[in-house]
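Okay, so here's the structure we're looking at.
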Amino acid sequence: MLMRIGGKDTGGVDGGWIDVKNPATGVLIDRVPDGIPEDVAHAVEAADAASGGWKKKSMRERGIILFHAAGLVREQHRDIAQLLTMEQGKPLKEAIDEVRGFASILEFYAGISAHSTGEAIRLGSADCMVVHEPIGICGAIIPWNMPVIIMGWKIGPALLAGNTMVLKPASTTPLSSLKLAAILDSAGLPPGVLNVVTGSGESVGEAIVRHPLIRKVSFTGDCTTGEKIRQLASGQLKDLTLELGGSDPMIVMVDADIDKAVEGALRGRFYNAGQTCTAVKRLYVHEKISKIFVKKLRVRVDALKAGNGLEPGIDLGPMNSAGQRERIADIVNEITDKCEGKILTGGCSLTGPSYDAGYFYRPTLVSDVSPGARLLTDEIFGPVLPVVSVPDLDTAIKEANRSRYGLGASVWTTNLATTKRVFDEVHAGIIWVNRHLTIPPEIPFGGMNESGIGRENGSHALDSYSRTKTLFLGW
Ligand code: NAD
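The end of the sequence shown is residue 475 by the working numbering, with every number in the run present.
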C-alpha cells in the first residue's frame, strides 16, 4: 500500500520500502514506503492547503462527514478487521471489536457536533464572546498494539474541531491506518485533511514533531519515546498529548464475586495477548481467597487457545514482533534466574508447527513475586500475569501505588466503602469497579504520573484540539 497524502495514494520520496509481515506466520502481507522527512513536508503542505476550507465548515458539517465515514467503516468492518489481524496478530473477534469501536468514536464525535458551544461574558461596560478555534495542523503518532482504536481517539476530536492532520502509524501495523484514511476520504473528507505518512519513528516521527507548522502532537506509545518527543517539542512550545505506558493494578477483595473477577483478570490480562496499555498488569488478591482464585484462574488460562487470529476459536494471537517476545521472555526468565517468584503455568514460547513461524508466547501466571522484581516494576506488555496475595485493603492500595505509572486500576468488591477508598487513594486516570479495560468514547482517558499528559476521548479531547479566542466588545 502507498502513503495517503492530499487524498491520493503516494509513493515515498526516497523509494525505500518497509515489509509488513503477519506475526502469526512470518508471511509477507504487503509493503509500505519507508518515508523520510521530505514526505512529512509534503503531507504538511497538503494539510496546510486543506486547512482553511476545513476550518470554515461548521462543526456540524464536519460531523456529518465523520458520521458518513463511520457508516462506511461499519459496512467494510470485516475486511478492515482481517487486515488488522494479519498485520497485528490479534484474534479476528478482537479486531472486529476494535474496528467497530473506531466507528463508535466517529459516531460519538459526529453526535456532539450538534452541540458546538462558546461563551458570552457580560462585563457591564463590555461584552465578550469566547469561541473555540482549531489549532491548525496536528501530528499524530500511534503504536502497533491497538492501531485502529488509537487512530480513532486522535482523528475523531482533531478533525471535528477543524484541524487537519498528519498521522504516522507504527511500522508493523500501517495497513489498517492507510485503509481507514482512504475510507475517510471516500466519505467526503476534503483531500489533505487527513494524511498518513509511513516510516520509522526516528525519521518520520521526529520530522512530524519538529515540523514548525505542526502546532500540536498527540503521541501514544512507550514512556521513553514520549519523553524524547516532549524534549523535541519543547523547543517550539508545541501543545502535546502523551498517552504512555501503564502497569494497571487489579485489586480483588474478599467480598468480590470470585468467578466474575476471574473472568475479569483473564480478559483484562490476556486480551490482545497482553499488549494493551490498560491491561491488568499486577493482580492483588486478598489472602483469604487467593488460593481458590488462583486455582480457578489457572484453569481458565490453560484453556486459552493460541494461534493464527484468522482461524476460528482463537483466544490469543502472537506477540506483534520478535523483539516484543524477547523482552517478555527476558523478564520472565529473570524471575527464575533470581528466584523472584513461582511460575504456575507458561513461562516460555509456544512451540510446534502452528507456532514456530510466529511470535507466540504461552499465557503465563506467576505467584510469590518479590516486590522489587521487574515483573512488578516494569510495564509487562505481553501475556504474563503476576499474582500477589495481600492481607488487607491498606496493603493492596499501598502496593497498587508502588508504581511510576498511573493509567488505570480496578477494584473487585461489593463493598461501597472499599470502592470509595480505592477511588480516592489509588493513583490512576480511571478506576473501574468490577470491570477492567472498558473505555467507551464518552469518557476521558489518560494517565497520571509517568503514564502521560492530557486526555483523549469525550469532550475533553475536543477541547484539547482547540483553543479559545475572545472577541472583546467595549461599549
Ligand atoms: P513506541 O514508543 O516504540 O512507538 C510508538 C510510535 O512512536 C510508533 O509509531 C513509532 O514508530 C514512533 N516512534 C518511535 N520513536 C520515535 C521518535 N523518536 N520520535 C517520534 N516517533 C517515534 O511504542 P510501541 O512499542 O509502539 O507501543 C507500546 C507502548 O504504547 C506501551 O508502552 C503501551 O503501554 C503504550 N500505549 C499507551 C496507550 C495509552 O493510551 N496510554 C495506548 C496504547 C499503547
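Think of the CB as a built atom: it goes at the ideal place given N, C-alpha and C, for glycine as much as any other residue.
- Message: Does residue 540 come out as helix, strand or coil in the three-state DSSP assignment?
- Response: For the chain, the structure presents residues 1 to 475; residue 540 sits outside this window and is missing.
- Query: Rounded to the nearest angstrom, how far is the Cβ of residue 107 from that of residue 243, given a contact under 8 angstroms?
  - Reply: Going by Cβ atoms, the distance from residue 107 to residue 243 rounds to 21 angstroms, so no, they are not a contact pair.
- Item | Segment limits, alpha helix (DSSP H) that includes residue 115 | Element bounds for residue 115: n/a, residue is neither H nor E.
- Query: What are the boundary residues of the beta strand (DSSP E) that includes residue 19?
  - Reply: 17 to 21
- Item | Beta-carbon proximity of residue 91 to residue 358, cut-off 7 angstroms | no
- How should residue 35 be labelled, buried or exposed, when 16 other C-beta atoms within 10 angstroms of its C-beta is the threshold for buried? buried
- Could you round the C-beta distance between residue 471 and residue 128 to whole angstroms and report it? I think they count as a contact, below 8 angstroms. 7 angstroms
- Residue range of the unbroken beta strand (DSSP E) whose run includes residue 432: 430 to 433
- Query: Just how far apart, CA to CA, sit residue 60 and residue 131?
  - Reply: 15 angstroms
- Query: Which two residues bound the contiguous beta strand (DSSP E) that contains residue 409?
  - Reply: 408 to 412
- Item | residue 143 CB to nearest heavy atom of ligand 1 below 6 angstroms | yes
- Query: Exposed or buried, residue 315, counting other C-beta atoms within 10 Å across all chains shown (16 or more means buried)?
  - Reply: buried
- DSSP state of residue 476, grouped into three classes? No answer is possible for residue 476: the residues shown for the chain start at 1 and end at 475.
- Item | Status (buried if at least 16 other CB within 10 Å, exposed otherwise) for residue 324 | buried
- Could you tell me whether any non-hydrogen atom of ligand 1 is closer than 6 angstroms to the CB of residue 377? no
- So, do the stretch 233 to 249 and the stretch 277 to 284 have three or more beta carbon pairs nearer to each other than 8 angstroms? yes
- Item | Cβ-based burial, residue 292 [other Cβ within 10 Å; buried from 16] | exposed
- Message: Using C-beta distances below 8 angstroms, list every residue in its chain close to residue 481, excluding the 5 sequence neighbours before and after it, in chain order.
- Response: For residue 481 there is no data in the structure shown, the boundaries of the chain being 1 and 475.
- Query: residue 252 and residue 294: beta carbons closer than 7 angstroms?
  - Reply: no
- Query: Can you pull the DSSP bridge partners for residue 249?
  - Reply: 282
- Check whether the stretch 50 to 67 touches the stretch 203 to 212, counting contact only when three or more Cβ pairs, one atom from each stretch, lie closer than 8 angstroms. no
- Residue-chain proximity (residue 319, chain B), Cβ-Cβ < 7 angstroms: Absent from the structure: chain B. Only one protein chain is present.
- Message: Judging by CA-CA distance, which residue of 403, 52, 198 is the nearest neighbour of residue 447?
- Response: 403
- Message: Could you pull the DSSP bridge partners for residue 168 from this structure?
- Response: 141
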